[in-house]
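Undergrad: Chains as they are written, first to last, in the working numbering: chain A, 967 to 1121; chain B, 967 to 1121; chain C, 967 to 1121.
Heads up, the beta-carbon is just placed ideally off N, CA and C, and yes, glycines get one too.
My questions will all concern the structure given below.
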Amino acid sequence: MTGEIERAMKDLGIDLPKPAIPVANYIPCVIAGSLLYVSGQLPIHNGKLMFVGQVGADIFVQEAQMAARQCALNILAQAKAALDGNLDRVVGIAKLGGFVNSTADFTEHPEVINGASNLMVELFGDKGKHARFAVGVPSLPLNASVEVDAVIEIL
Amino acid sequence: MTGEIERAMKDLGIDLPKPAIPVANYIPCVIAGSLLYVSGQLPIHNGKLMFVGQVGADIFVQEAQMAARQCALNILAQAKAALDGNLDRVVGIAKLGGFVNSTADFTEHPEVINGASNLMVELFGDKGKHARFAVGVPSLPLNASVEVDAVIEIL
Amino acid sequence: MTGEIERAMKDLGIDLPKPAIPVANYIPCVIAGSLLYVSGQLPIHNGKLMFVGQVGADIFVQEAQMAARQCALNILAQAKAALDGNLDRVVGIAKLGGFVNSTADFTEHPEVINGASNLMVELFGDKGKHARFAVGVPSLPLNASVEVDAVIEIL
Chain A
967 MTGEIERAMK DLGIDLPKPA IPVANYIPCV IAGSLLYVSG QLPIHNGKLM FVGQVGADIF
1027 VQEAQMAARQ CALNILAQAK AALDGNLDRV VGIAKLGGFV NSTADFTEHP EVINGASNLM
1087 VELFGDKGKH ARFAVGVPSL PLNASVEVDA VIEIL
Chain B
967 MTGEIERAMK DLGIDLPKPA IPVANYIPCV IAGSLLYVSG QLPIHNGKLM FVGQVGADIF
1027 VQEAQMAARQ CALNILAQAK AALDGNLDRV VGIAKLGGFV NSTADFTEHP EVINGASNLM
1087 VELFGDKGKH ARFAVGVPSL PLNASVEVDA VIEIL
Chain C
967 MTGEIERAMK DLGIDLPKPA IPVANYIPCV IAGSLLYVSG QLPIHNGKLM FVGQVGADIF
1027 VQEAQMAARQ CALNILAQAK AALDGNLDRV VGIAKLGGFV NSTADFTEHP EVINGASNLM
1087 VELFGDKGKH ARFAVGVPSL PLNASVEVDA VIEIL
């Protein structure tokens, strides 16, 4: 099956990763009615955590932005698995929650989380436009630089 | 059109700000079924960030409380715009997420976020009573002191 | 009335606490359609905050895990009260939001929040499996070590 979103991914050269296995006792996705809740995703690629550490101290904003993009790719990989491979069931990205591992003087959280937001809009167009928050945190699992979760409206 | 909530605002002398433009690539509100997701709002008034900095270090709890109130006003301004100007479509405020930019020894997050909670109850009465979390963060976009997002049940 | 979940709790020796009173002007639970939003719960037991302080500095991971379990017990106590005593109305735990009061070098947030996740699965089986995030925060209300909120799908 090759749906509309699958074709868009192909056109954009986007290759979804294999869904990452949760680091703990929970599941990546839960469907409640027409909402799909996706667990907080880390910037893991091929089993390896990318762009490790605090933004502002260990890594640059541009790197953290790529980390956020990877989180978004992992969100979509998890969503695809939960939707039996069919991302065309996505009605819209309702909300992203963006946590940036950052120092106390950091202020560019929106730029970082744009890495995730931009991917959603690239791929889904208007349906990818979402509500979100972007906040700093002092630490994240595995010393990840970014964690993003999502609520997705589905058919 | 002058709805019930518009009249309550007038009686309380509450003047909603013009909806703030998102600082990044996302949208202020998404409607998914009967839920309205509102993006995290900062204490911006007339385009100017108010009560800047960390609570406990740069500003007092009372100031942060007013910052939280301003976030709530911005939430309602965004919701009103998304609901074609009609806040009477609000069935209830389901949830507020409250992030307080604070030092490690800060413990009065509930008092701060009350600034937002109180406004909702002043304005909507029982329908304004909501679930919420109130947590500390080490940093926020633009060095804001408070960020609040919302889930609102709508008609 | 003794429902299925009540019996499971009895079998597991789980005794739900009395629902804690909110520390501020909001309510513990809001029902919006088939979703029950539960406010962020602290590890309060019999009116006393347990396992106070920062994980990594003041308390150990194992203690924070027990704190997270207590948060989950309080979530269920609040949910039970909101569901007229009938936890059999729980269709599934949709999402947990886990905030761990921790130092900047802390990385074991998943292990901590497992204290809450494990309880949900012990008690509800597959219906207890949920999406979640687990992040660090520099401070929490009352200097609590953990705060957990929830979205629960209900009948």
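Please report the distance separating the alpha-carbon of Q1007/C from that of K984/B.
TA: By 1-based counting over the third sequence, the position of residue 1007/C is 41. By 1-based counting over the second sequence, the position of residue 984/B is 18. Rounded to the nearest angstrom, the two C-alpha atoms are 34 Å apart.
Undergrad: For A1070/B, tell me which candidate among N1109/C, L1039/C, P1009/C and R1055/C has the shortest Cα-Cα distance.
TA: The residue you call residue 1070/B lines up with position 104 of the second sequence. Between A1070/B and the set N1109/C, L1039/C, P1009/C and R1055/C, the nearest pair of CA atoms involves N1109/C.
Undergrad: Using DSSP with H/G/I as helix, E/B as strand and the rest coil, what is H1096/B?
TA: Locating residue 1096/B in the second sequence gives position 130, counting from the first residue. Residue state, collapsed to three classes: coil.
Undergrad: Under 8 Å Cβ to Cβ from Y992/A, same chain only, skipping five residues before and after it: list those, please.
TA: For the purposes of this step, residue 992/A is identified with residue 26 of the first sequence, where counting begins at 1. Counting only Cβ-Cβ distances below 8 Å, and skipping sequence neighbours, we find S1005.
Undergrad: Which class does G999/A belong to by DSSP, given the choice of helix, strand or coil?
TA: Here residue 999/A refers to the residue found at position 33 when the first sequence is read from its first residue. Here DSSP, grouped into helix, strand and coil, assigns G999/A to coil.
Undergrad: Residues of chain B with CB closer than 8 Å to the CB of V1004/C, please, in chain order.
TA: As a position in the third sequence, residue 1004/C is number 38, starting the count at 1. Within chain B, the residues near V1004/C are A1097.
Undergrad: Would you mind sorting A1048/C into buried or exposed? The rule is 16 or more other CB atoms within 10 Å of its CB.
TA: Taking the first residue of the third sequence as 1, we reach residue 1048/C at position 82. It is buried - the Cβ of A1048/C has at least 16 other Cβ atoms within 10 Å.
Undergrad: Return no unless some Cβ of chain A is closer than 8 Å to the Cβ of V1057/B.
TA: Within the second sequence, numbered from 1, the residue matching residue 1057/B stands at position 91. False, the Cβ-Cβ gap to chain A never drops below 8 Å.
Undergrad: By Cβ distance, which residues of its chain are closer than 8 Å to S1000/B, with the 5 residues on each side in sequence left out?
TA: Locating residue 1000/B in the second sequence gives position 34, where the first residue counts as 1. So the list reads V1057, E1119, I1120 and L1121, once near-sequence residues are dropped.
Undergrad: From the DSSP output, in three-state form, read off G1013/A for me.
TA: Taking the first sequence and counting its residues from 1, the one referred to as residue 1013/A is at position 47. It is coil, neither helix nor strand.
Undergrad: Within a Cβ cutoff of 8 Å, which residues of the same chain sit near V1101/A, ignoring the five residues on either side of it in sequence?
TA: On the first sequence, residue 1101/A is found 135 positions in, with the first residue counted as 1. These residues qualify, in order along the chain: G1064, F1065, V1066 and H1075.
Undergrad: Quick one: what does DSSP say K976/C is sitting in, helix, strand or coil?
TA: Stepping through the third sequence from its first residue, residue 976/C is reached at position 10. In the structure shown, K976/C sits in a helix (DSSP, three-state: H, G or I).
Undergrad: Closest by CA to P1107/B, which one among S1111/A, N1012/A and F1099/A?
TA: Numbered from its first residue, the second sequence carries residue 1107/B at position 141. The shortest C-alpha separation from P1107/B is found at F1099/A.
Undergrad: Indicate whether at least one CB of chain C lies closer than 8 Å to the CB of G983/A.
TA: Counting from 1 along the first sequence, the entry for residue 983/A is found at position 17. First, the residue type needs correcting, since residue 983/A is Pro and not Gly in the sequence shown. So, not an interface residue.
Undergrad: So, with DSSP's three-state summary, where would you put N1067/A?
TA: Start at 1 with the first residue of the first sequence, and residue 1067/A comes out as number 101. In this structure, N1067/A counts as strand in the three-state DSSP scheme.
Undergrad: Counting only beta-carbon separations shorter than 8 Å, does S1105/A have a partner in chain C?
TA: To locate residue 1105/A, count along the first sequence from 1; it is residue 139. By this cut-off, S1105/A is an interface position.
Undergrad: Using three-state DSSP, classify S1005/B as helix, strand or coil.
TA: To locate residue 1005/B, count along the second sequence from 1; it is residue 39. When DSSP states are grouped into helix, strand and coil, S1005/B belongs to the strand group.
Undergrad: Which residue comes first and which comes last in the beta strand (DSSP E) that contains V1112/B?
TA: Taking the second sequence and counting its residues from 1, one reaches residue 1112/B at position 146. From DSSP, the beta strand (DSSP E) with V1112/B extends over V1112 to I1120.
Undergrad: Count the other CB atoms, across all protein chains shown, that sit within 10 Å of the CB of R973/A; report buried if there are 16 or more and exposed otherwise.
TA: Within the first sequence, residue 973/A is the residue found at index 7, counting from 1. Exposed.
Undergrad: Going along chain C, which residues have a C-beta under 7 Å from F1065/A?
TA: On the first sequence, position 99 is the one that residue 1065/A refers to. Those are V1101, listed as they occur along chain C.
Undergrad: Confirm, please, whether the CB-CB distance from A1060/A to V1117/A is below 8 Å.
TA: Stepping through the first sequence from its first residue, residue 1117/A is reached at position 151. Stepping through the first sequence from its first residue, residue 1060/A is reached at position 94. Yes, these two residues count as a Cβ contact at 8 Å.
Undergrad: Could you spell out the range, first to last residue, of the alpha helix (DSSP H) harbouring I1036/B?
TA: Taking the second sequence and counting its residues from 1, the one referred to as residue 1036/B is at position 70. A small fix is needed here, since residue 1036/B is Gln in this sequence, not Ile. Where Q1036/B is concerned, the enclosing alpha helix (DSSP H) stretches over V1027 to A1048.
Undergrad: Quick one: grab the DSSP three-state call for L982/A.
TA: Residue mapping note: residue 982/A aligns to position 16 of the first sequence, counting from 1. If DSSP states are grouped into helix, strand and coil, L982/A belongs with coil.
Undergrad: Count the other CB atoms within 10 Å of the CB of K1046/A; is the residue buried (16 or more) or exposed (fewer)?
TA: Residue 1046/A sits at position 80 when you count from the first residue of the first sequence. Classified as buried, K1046/A has 16 or more neighbouring CB atoms from the shown chains inside 10 Å of its CB.
Undergrad: Any C-beta of chain B within less than 8 Å: which residues of the segment 1013 to 1043 of chain C qualify?
TA: Q1020
Undergrad: Just the chain A side, please: which residues come within less than 9 Å of L1001/C by C-beta, in chain order?
TA: Mapped onto the third sequence, residue 1001/C falls at position 35. Here the neighbours are A998, G999 and L1001.
Undergrad: Which class does I1079/A belong to by DSSP, given the choice of helix, strand or coil?
TA: Taking the first sequence and counting its residues from 1, one reaches residue 1079/A at position 113. Three-state DSSP puts I1079/A in a helix.
Undergrad: State yes or no: is the beta carbon of L1108/C nearer than 8 Å to at least one beta carbon in chain B?
TA: On the third sequence, residue 1108/C is found 142 positions in, with the first residue counted as 1. It does; some Cβ of chain B falls within 8 Å.
Undergrad: Going along the chain, which residues of its own chain have a beta-carbon closer than 8 Å to the beta-carbon of N1040/C, five neighbours each way excluded?
TA: Along the third sequence, read from residue 1 onward, the residue named residue 1040/C stands at position 74. P983, P985, A986, Q1007, L1008, P1009 and I1010, listed in sequence order.
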